[in-house]
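Below you'll find the structure, written out as structure tokens, and then a few comments.
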Amino acid sequence: MSVMLKPIDEQVIVITGASSGIGLATAREAAQRGARLVLAARSEPALSDLVNEIEAQGGQAIYVVADVGVREQVVSIAIAAIARFGRIDTWINNAGVSIYGRLEEVEEQDSRRLFETNFWGVVHGSLVALPYLRRQGGALINIGSEASEAAIPLQGMYVASKHAVKGFTDVLRVEVEQVDKAPVSITLIEPTAVDTPFPQHARNYMAHEPKLPSPQIEPKLVAEAILAAAVTPTRVDKVGVMATLNTAMAKFVPALGDRMAASRLKQQQYPERPRNPEGALYRACGGSGTHGRRPAGSH
Numbered sequence: 002m003s004v005m006l007k008p009i010d011e012q013v014i015v016i017t018g019a020s021s022g023i024g025l026a027t028a029r030e031a032a033q034r035g036a037r038l039v040l041a042a043r044s045e046p047a048l049s050d051l052v053n054e055i056e057a058q059g060g061q062a063i064y065v066v067a068d069v070g071v072r073e074q075v076v077s078i079a080i081a082a083i084a085r086f087g088r089i090d091t092w093i094n095n096a097g098v099s100i101y102g103r104l105e106e107v108e109e110q111d112s113r114r115l116f117e118t119n120f121w122g123v124v125h126g127s128l129v130a131l132p133y134l135r136r137q138g139g140a141l142i143n144i145g146s147e148a149s150e151a152a153i154p155l156q157g158m159y160v161a162s163k164h165a166v167k168g169f170t171d172v173l174r175v176e177v178e179q180v181d182k183a184p185v186s187i188t189l190i191e192p193t194a195v196d197t198p199f200p201q202h203a204r205n206y207m208a209h210e211p212k213l214p215s216p217q218i219e220p221k222l223v224a225e226a227i228l229a230a231a232v233t234p235t236r237v238d239k240v241g242v243m244a245t246l247n248t249a250m251a252k253f254v255p256a257l258g259d260r261m262a263a264s265r266l267k268q269q270q271y272p273e274r275p276r277n278p279e280g281a282l283y284r285a286c287g288g289s290g291t292h293g294r295r296p297a298g299s300h
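Using the working numbering, read the sequence shown as starting at 2 and increasing by one per residue.
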């Protein structure tokens with residue numbers, strides 16, 4: 002069955018992890034294009050500010066405070082969407098967090114907590130959204146990473162979770178699109194490093210402030226890719242030249258990819274002490290905007 006997706010200005014869109022970074026950029030872009038939005042995250046102040054911002058510009062949005070690692074709270078997102086807007090056209094599983102530290106150093110409870118958000122959050126969102134998307138057709142969009150196919154030292158559990166997201170999404174796509182012939186498009190978005198507060202929100206075991214390696218792309222580019230998949234059925238979209246390069250290297254010349262990955266250790270640290278080692282693994286850090294920040298003394 003071919004999937005017919007609506008224009009953005011006719012859609013009701015759910016976005017998890019909407020309080021900062023890619024989620025926030027996507028919410029703003031979708032609102033500007035006329036979508037009605039259901040925004041979810043753990044930070045109520047950030048969500049409230051975002052909804053007020055959207056409504057002040059003539060848009061329509063509601064928010065739901067939810068931890069995507071808890072299925073019942075994800076169900077509450079869907080219930081709120083149906084109660085307010087009557088349907089769901091696109092569901093975007095974007096919420097995620099990282100841990101900086103070598104795998105032998107990271108405590109198991111932290112690794113399990115990361116998987117609750119990054120992997121189980123996608124599972125909960127996907128399985129809660131599907132019955133609604135099947136009703137009239139729609140798009141399920143899961144945010145992976147170039148780390149879904151490549152290795153990034155010092156973020157081993159994040160990489161493992163994004164590999165898991167890819168595996169889950171690939172199988173779900175086959176079952177829903179190919180076996181059931183359901184009118185649902187299932188997309189995996191794989192960005193390269195994006196200039197967001199991602200490092201500041203990470204749990205950090207390192208002796209230095211974490212950062213993402215350069216080059217970094219603008220979150221708006223990822224938002225545009227997400228919204229493109231919301232109107233045109235898309236299997237996978239690697240966003241940014243480095244995402245294509247790094248995933249290709251991991252697939253076709255893996256030994257060289259390993260050496261390149263190892264060379265990036267120092268590119269993931271600022272020359273200063275950690276500012277917030279606990280990050281947002283267990284509690285919301287607030288919105289923090291769409292972009293990351295440059296600590297004092299960095300260039």
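The C-beta atom is built at its ideal place from N, Cα and C for all residues, glycine as well.
{"Check": "Distance between residue 38 and residue 81 (C-alpha atoms, nearest Å)", "Outcome": "11 Å"}
{"Check": "Under the three-state DSSP convention, the category residue 136 falls into", "Outcome": "helix"}
{"Check": "Stretch pair the region 17–27 + the region 246–263: three plus CB contacts closer than 8 Å", "Outcome": "no"}
{"Check": "Through-space distance from residue 201 to residue 69, alpha-carbon basis", "Outcome": "20 Å"}
{"Check": "Cβ-based neighbour list, residue 298, same chain, cut-off 8 Å, excluding 5 preceding and 5 following", "Outcome": "Below a pLDDT of 50, predicted positions are generally treated as unreliable, and residue 298, at 41, falls in that range; the measurement from the model is reported next regardless. Taken in chain order, the residues that qualify are 271, 272 and 273."}
{"Check": "Closest residue to residue 46 among 65, 35, 226 and 59 (Cα-Cα distance)", "Outcome": "65"}
{"Check": "Ordered list of beta strand (DSSP E) runs contained in the region 83–109, each at least 3 residues", "Outcome": "91–94"}
{"Check": "Reference residue 208; option with closest CA among 103, 162, 109 and 111", "Outcome": "103"}
{"Check": "Reduced DSSP secondary structure (H/G/I, E/B, other) of residue 9", "Outcome": "helix"}
{"Check": "Span separating the alpha-carbon of residue 123 from that of residue 59", "Outcome": "30 Å"}
{"Check": "Proximal residues to residue 286 (C-beta, below 6 Å), its chain only, five neighbours per side dropped", "Outcome": "202"}
{"Check": "Burial state of residue 40 (16 or more Cβ within 10 Å)", "Outcome": "buried"}
{"Check": "Per-residue DSSP class, three states only, for residue 46", "Outcome": "helix"}
{"Check": "Buried or exposed (CB count within 10 angstroms, at least 16 for buried), residue 260", "Outcome": "exposed"}
{"Check": "Neighbour-count burial assignment, residue 228, 16 or more Cβ in a 10 Å radius", "Outcome": "buried"}
{"Check": "Beta-carbon proximity check, residue 169 vs residue 120, cutoff 9 Å", "Outcome": "yes"}
{"Check": "Short Cβ contact (9 Å threshold) for residue 135 with residue 184", "Outcome": "yes"}
{"Check": "Bridge partners - residue 238, DSSP secondary structure assignment", "Outcome": "190"}
{"Check": "Host alpha helix (DSSP H) of residue 62 (start-end)", "Outcome": "Counting along the chain, residue 62 falls outside any alpha helix (DSSP H), though it belongs to the beta strand (DSSP E) covering 61–66."}
{"Check": "Anticipated Cβ contact below 8 Å, residue 19 with residue 42, distance rounded", "Outcome": "5 Å"}
{"Check": "Reduced DSSP secondary structure (H/G/I, E/B, other) of residue 141", "Outcome": "strand"}
{"Check": "CB of residue 167 within 9 Å of CB of residue 145, strictly", "Outcome": "yes"}
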